[in-house]
Amino acid sequence: MSHFRTCQLTAFAMLTCHWQVASATVPASGSASPCWQSLWIWLGAAMLALVIITTVYLWHVRTLKKQKQDLEAEIKLRAMEVSAQREELEKVNLALLKVNKRQEAQQSELTRFLAVASHDLRQPMHALNLYLGALTNFELPAAMRPVVNNLRHCARTMDDMFANLLDLSRLDAQIVEPQLKEFAIAEVLGKLDVEFTPQALAKGLQFQIHHSLAIVNSDADLVEQILRNLIANAIRYTPTGHIVVNCLEFDQQLQIAVEDTGIGISTHDQETIFEEFFQVERKQESRRSTMGMGLGLAIVQRLVRLLNIPIKLQSQPDHGSTFAIGLPLAASQEMTDKHGRSKASNSASLLQALIVVIDDDENILMAMRGLLERWDARVITATSGAGALALCSEEIKIPDLLICDYRLKLNENGIDVINNFREEFNHLISAILITGDISPQLSDDAKAAGLILMHKPIQAENLHGTLTQLLNEAKQ
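Those letters in the sequence shown? Residues -24 to -1, 1 to 452, by mature numbering (1 follows the signal peptide of the UniProt record, and there is no 0).
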């Protein structure tokens, strides 16, 4: 600004000087020429404007330089802050990477544990159920029968608890991935009909499934597990009356409802019924006969979230309960296969049916032989596929049924063994694949090979129902 003021004073002095010179040259007696005076005035004005413009320009240049310096300083400061934040983020990312690696390692260990538990821990339970099933077919003293029945009840309870704990662990470990595909719901309902009809009858309950020919789009194994838990829960908490499974197509969904006449659930308990280890309060006399861990509905809740399907509950104390799930209907409802109500409930006999059992565990073979022979079947047992084929070559008759464990010694698996049997006899022999492996991939492989997949441990009545179902289908 001092430069601007200096320029103003200089311009004013020049104009004053020029004006004085012009005035001195004019005679005193005469007036100055207007043209001459105008020339000096315009010249002075032009010089003044030039000085002002130059001053303003220089002032703007100085301002821009100052803004540039301030901006550079700001950029430098921001760059330092960004660099510090980037270093901090790198530290955080490194820490998260370590945590993720640790979680992956723990996940891998948990997966391996569950795989071992699914196979090794199920094996003795499987043998125990087979032995108890065979024991009930013997003529026992009247005093011994209640003891055996209590043993079977304890074994079933331990089996259910073990299976529920494994299922809950797998779901919490997030190692279960749904395999969505179209399937006939009658396939699932038929299996459940075979499995739960004897249990309901043994408790004096009426059990009925209203079948549907609908095709749905979901995971068949997970849907079966949901319905199995709901039906088992209904049987456990229904002292008298009936349990009905209804199917209704509505709004592009198949609604499957499990209704019972059991003890019911209060409004307060309905808010926490899906939590782990929660059990509805019951009368003491019914508690002993329906003992459980309270995990069935917790597993159902996780499964419906995994499949992204709705679940509804309607219940009143002493007036029963209704659990309903909604499955999306498939775009096409054309049936490519013959599905319908399972025929396993027919009272078919295993009399003289030739059944080949293949398992690398001698205890399982002994238990299975004792159980099947009590059902009047002819039994061939072997620890390998080659050994079984050698024994069958001495028979004139083609085996009616194959029961094969999935994991055998010498890297042999049950699917390959069953396929070798079918090729050797040039006949599609009905077969059951037994395993403790609960991976979805094995389920798909067994279904592709046309096998019935059963998971250890197996209840004797469920095995009998499946065997009679396969024999009935083979006769048709």
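We put the CB at the ideal spot given by N, CA and C, even for glycine.
Of the other Cβ atoms in all chains shown, fewer than 16 fall within 10 Å of the Cβ of F226; this residue is therefore exposed. Between the alpha carbons of L429 and A103 lies a gap of roughly 17 Å. Going by DSSP, A306 is part of no beta strand (DSSP E) at all; its letter is neither H nor E. Remark: C-beta atoms of S419 and D197 approach each other more closely than 8 Å.
DSSP links R383 through a beta bridge to N389. Sixteen is the threshold: since fewer than 16 other Cβ atoms of the shown chains lie within 10 Å of the Cβ of V37, the residue is exposed. Note on R204: 16 or more other CB atoms within 10 angstroms of its CB, so buried under the neighbour-count rule. The beta carbons of I185 and D169 sit about 5 Å from each other, so the pair counts as a contact at 8 Å. By the Cβ neighbour-count rule, R54 is exposed, with fewer than 16 other Cβ atoms within 10 Å of its own. When rounded, the separation of the alpha-carbon atoms in G217 and L181 is 6 Å.
Rounded to the nearest whole angstrom, the CA to CA distance from R398 to L330 is 15 Å. In the DSSP assignment, F250 falls outside any beta strand (DSSP E) and carries neither an H nor an E. The C-beta distance from S188 to I211 rounds to 21 Å, too long to meet the 8 Å contact threshold. In this structure, N193 lies near A306, with their beta-carbon atoms less than 8 Å apart. In this model, A208 and N396 are separated by some 37 Å (Cα to Cα).
Annotation for Q292: no beta strand (DSSP E) segment contains it, and DSSP assigns it neither H nor E. Looking at Q277, S242, L279 and F250, the one whose alpha-carbon comes closest to that of G296 is S242. Taking the CA atoms as reference points, T173 sits about 21 Å from R350.
Taking every protein chain shown into account, the CB of Q61 has fewer than 16 other CB atoms within 10 angstroms, so this residue is exposed. In the three-state reduction of the DSSP assignment, M430 falls in the strand class, which pools E and B. If you check the CB distance, K385 and G412 do not come in under 8 Å. For I241, the three-state secondary structure derived from DSSP is coil. Look at the beta carbons and you see the segment 356 to 364 not touching the segment 119 to 127: under three pairs across the two are nearer than 8 Å.
DSSP, read as helix, strand or coil, puts K41 in helix.
Residue environment analysis places H403 among the exposed positions, since fewer than 16 neighbouring C-beta atoms fall within 10 angstroms of its C-beta. Taking C-beta atoms under 8 Å as the contact rule, L347 and G166 fail to qualify, at a distance of about 23 Å. In this structure, I249 is the residue among L279, L73, I249 and Q309 with its C-alpha nearest to the C-alpha of L289. A Cβ-Cβ distance of about 7 Å is found for the pair I232 and L303, placing them in contact under the 8 Å criterion. The distance from the Cβ of G240 to that of Q292 is about 5 Å, consistent with a contact at the 8 Å cut-off. If you draw a straight line from the Cα of Q43 to the Cα of V27, it is about 24 Å long. DSSP places L156 outside both helix and strand once states are collapsed to three, so it counts as coil. Shown here, S188 sits in coil according to DSSP, grouped into three states, outside any helix or strand.
In the three-state scheme derived from DSSP, where H, G and I count as helix and E and B as strand, D413 is classed as coil. For the pair S415 and D421, the Cα-to-Cα distance works out to about 10 Å.
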